[in-house]
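>
In our numbering, the protein residues as written are 378 to 478.
The structure is reproduced here in C-alpha cells:
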C-alpha cells in the first residue's frame with residue numbers, strides 16, 4: 378500500500394503522479410485498493426489475482442527491457458510479489474480475514 382500512497386499522494390516519500398496519469402496514477406490506485414482488500418481479507422482471491430497480473434505487467438514493462446534475469450534488472454521485488462499474490466489466489470484468505478465464514 379505504501380507504494381500506492383507514494384504514487385497518489387507523495388506520502389511517505391516521493392512526489393505524486395498527476396491525477397489520472399497513465400500508468401503511474403492508475404497503478405497507485407490499484408495498489409492502494411488491492412493492498413487494502415488483501416490486508417483486510419475481503420475478496421482476497423480476486424484481489425490477489427489482479428495484483429499478480431499487475432506485478433507481471435510491471436515487471437515486463439519496467440524491468441524486463443533491462444535484461445532477462447530479475448536479479449540483474451532490478452525486478453526481483455515485482456517477481457516476488459507476482460508469485461506471492463498468485464499463491465494467495467490459490468490458498469485464499471487466512472483465519473483472521475474479515476470475509477471468513
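We put the CB at the ideal spot given by N, CA and C, even for glycine.
Counting pairs of Cβ atoms below 8 Å between the stretch 462 to 473 and the stretch 417 to 424, do you hit three or more?
Because the criterion of three Cβ pairs below 8 Å is met, the stretch 462 to 473 and the stretch 417 to 424 touch.
> Among the residues of its own chain, which have a CB less than 6 Å from the CB of residue 378, if the five just before and after it don't count?
In the chain shown, residue 378 corresponds to position 1, counting from 1. Counting only Cβ-Cβ distances below 6 Å, and skipping sequence neighbours, we find 409 and 412.
> Taking the beta carbon of residue 462 as the centre, do at least 16 other beta carbons fall within 10 Å, making it buried, or is it exposed?
For the purposes of this step, residue 462 is identified with residue 85 of the chain shown, where counting begins at 1. So residue 462 ends up on the buried side.
> Got a sec, what are the start and stop residues for the alpha helix (DSSP H) residue 489 sits in?
This structure gives no information on residue 489, because the portion of the chain shown stretches from 378 to 478.
> Which residues in the same chain as residue 425 place their Cβ atom closer than 7 Å to its Cβ, once the five residues preceding and following it in sequence are excluded?
As a working note, residue 425 is residue 48 in the chain shown. Excluding residues within five positions, the ones whose Cβ falls inside 7 Å are 415, 462, 465 and 466.
> Beta carbon of residue 431, beta carbon of residue 457: below 9 Å?
For the purposes of this step, residue 431 is identified with residue 54 of the chain shown, where counting begins at 1. For the purposes of this step, residue 457 is identified with residue 80 of the chain shown, where counting begins at 1. Their beta carbons are not under 9 Å apart, which means residue 431 does not touch residue 457 by this criterion.
> Quick test of your reading: residue 384 and residue 397, contact by CB under 8 Å. State the CB separation rounded to the nearest angstrom.
Residue numbering aside, residue 384 sits at position 7 when the chain shown is read from its first letter. Residue numbering aside, residue 397 sits at position 20 when the chain shown is read from its first letter. No, residue 384 and residue 397 are not in contact; Cβ-Cβ is about 12 Å, not under 8 Å.
> Under the three-state reduction of DSSP, which class applies to residue 449: helix, strand or coil?
Within the chain shown, numbered from 1, the residue matching residue 449 stands at position 72. If DSSP states are grouped into helix, strand and coil, residue 449 belongs with the helices.
> At what residues does the alpha helix (DSSP H) containing residue 386 begin and finish?
Counting from 1 along the chain shown, the entry for residue 386 is found at position 9. That run of the alpha helix (DSSP H) goes 379 to 386.
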